[in-house]
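A.B. asks:
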Amino acid sequence: SQTIHQWPATLVQPVGSPLSLECTVEGTSNPNLYWYRQAAGRGLQLLFYSVGIGQISSEVPQNLSASRPQDRQFILSSKKLLLSDSGFYLCAWRAGARNGYTFGSGTRLTVV
Amino acid sequence: AQTVTQSQPEMSVQEAETVTLSCTYDTSENNYYLFWYKQPPSRQMILVIRQEAYKQQNATENRFSVNFQKAAKSFSLKISDSQLGDTAMYFCAFMKPSGNTPLVFGKGTRLSVIA
């Protein structure tokens, strides 16, 4: 069966520090992968998506970047965090058109 | 570009009652998929129900059902016999069947079930 893993679950980082959030998928190959951010009590903002190794599409200009070094690995990074980067980050993979997306359990990032 | 609109930021319902969450969308596509996702306080996103646009029959999953009106581009979610565990954010979403176009989400409706 397919599963998606996302870590860490919670992260508190000082302003100006780097960030690396990792997402991996098991049980499927060549998945479409997505990073979303959700501010408190708000909707989902698509940040990046990837249709294959090394292929990254950015939806909004910001302080973040994404990479896909392996088929089932998707990484969200920042060189220097801002206070405005705080939020809840969700990774997802496209489980086929009929099944929509399957989401990871999310990372709660607080920048202090 | 497709857009999804949820016009009710917050709703509340008494336990055991029925509630309907609204969703409208805009697309020029004829074939597509629609979804309702639930995000409880744990913030895990859970697929509640899906509808294929080429199917006229409304989808049903236990206490959850949809009213899909293709001509009106409306896709509402009905929750029957509401339970405290239904308290969550609910997101309506649109997906094209092919290609790599990302899922388009509405802004969500926060539902509170009151005992």
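So the sequences go chain by chain: L and S.
Residue 1 is where the first sequence starts when you use our numbering, and the numbers rise one by one after that.
Residue 1001 is where the second sequence starts when you use our numbering, and the numbers rise one by one after that.
We treat Cβ as the ideally placed atom computed from N, Cα and C, and that holds for glycine.
Bear in mind that the values here come from a model prediction, so they are computed numbers and not experimental data.
Pairing CB atoms from the region 76 to 92 of chain L with CB atoms from the region 5 to 17 of chain L, are three or more of them under 8 Å?
C.D. replies: Verdict: yes, contact present.
A.B. asks: For a contact defined as C-beta to C-beta under 8 Å, what are the partners of R98 (chain L) on chain S?
C.D. replies: Counting from 1 along the first sequence, the entry for residue 98 (chain L) is found at position 98. Within chain S, the residues near R98 (chain L) are Y1033, R1050 and E1052.
A.B. asks: Going by beta carbon distance, what residues of the same chain come within less than 6 Å of E1061 (chain S), once the five residues before and after it are set aside?
C.D. replies: Within the second sequence, the letter at position 61 stands for residue 1061 (chain S). Excluding sequence neighbours, E1061 (chain S) sits near I1049.
A.B. asks: With 7 Å as the C-beta to C-beta threshold (strictly closer), list the residues of the region 38 to 55 of chain L near chain S in chain order.
C.D. replies: For the region 38 to 55 of chain L, which is checked against every Cβ of chain S, the residues closer than 7 Å are G43, L44, L46, Y49 and V51.
A.B. asks: So within the region 21 to 84 of chain L, which uninterrupted beta strand (DSSP E) runs reach at least 3 residues, ignoring any that extend past its ends?
C.D. replies: Within the region 21 to 84 of chain L, the complete beta strand (DSSP E) runs of at least 3 residues are 33 to 38, 44 to 52, 55 to 58, 65 to 70 and 73 to 78.
A.B. asks: Helix, strand or coil for A1059 (chain S) per DSSP?
C.D. replies: By 1-based counting over the second sequence, the position of residue 1059 (chain S) is 59. Coil at A1059 (chain S), not helix or strand.
A.B. asks: Would you please state the rounded distance, in angstroms, between the beta carbons of T1018 (chain S) and K1078 (chain S)? I believe it to be under 8 Å.
C.D. replies: One-based indexing of the second sequence puts residue 1018 (chain S) at position 18. One-based indexing of the second sequence puts residue 1078 (chain S) at position 78. That belief holds up - the Cβ atoms of T1018 (chain S) and K1078 (chain S) are roughly 6 Å apart, short of 8 Å.
A.B. asks: So the candidates are L:G43, L:L33, L:A39 and L:G41; which of them puts its Cα closest to the Cα of A66 (chain L)?
C.D. replies: As a position in the first sequence, residue 66 (chain L) is number 66, starting the count at 1. If we check each option's Cα against that of A66 (chain L), L:L33 comes out closest.
A.B. asks: I'd like to know whether the C-beta atoms of S1022 (chain S) and Q1002 (chain S) end up nearer to each other than 7 Å.
C.D. replies: Looking up residue 1022 (chain S) in the second sequence gives position 22. Looking up residue 1002 (chain S) in the second sequence gives position 2. Going by C-beta atoms, S1022 (chain S) is not nearer than 7 Å to Q1002 (chain S).
A.B. asks: Between N30 (chain L) and chain S, is the shortest Cβ-Cβ distance under 7 Å, so that the two count as touching?
C.D. replies: In the first sequence, the residue the question calls residue 30 (chain L) occupies position 30. No, N30 (chain L) lies away from the interface with chain S (no Cβ there is under 7 Å from its Cβ).
A.B. asks: Quick check on N1067 (chain S): does DSSP put it in helix, strand or coil?
C.D. replies: As a position in the second sequence, residue 1067 (chain S) is number 67, starting the count at 1. Three-state DSSP puts N1067 (chain S) in a strand.
A.B. asks: Using a threshold of 7 Å, state whether the C-beta atoms of S20 (chain L) and S58 (chain L) are closer than that.
C.D. replies: For the purposes of this step, residue 20 (chain L) is taken as the residue at position 20 of the first sequence. For the purposes of this step, residue 58 (chain L) is taken as the residue at position 58 of the first sequence. No.
A.B. asks: Quick check: F74 (chain L) and S105 (chain L), are their CB atoms within less than 7 Å of each other?
C.D. replies: Mapped onto the first sequence, residue 74 (chain L) falls at position 74. Mapped onto the first sequence, residue 105 (chain L) falls at position 105. No, Cβ-Cβ distance for F74 (chain L) and S105 (chain L) is not below 7 Å.
A.B. asks: With a threshold of 16 other CB atoms inside 10 Å of the CB of L90 (chain L), please say whether the residue is buried or exposed.
C.D. replies: The residue you call residue 90 (chain L) lines up with position 90 of the first sequence. Counting Cβ neighbours within 10 Å, L90 (chain L) comes out buried, since at least 16 surround it.
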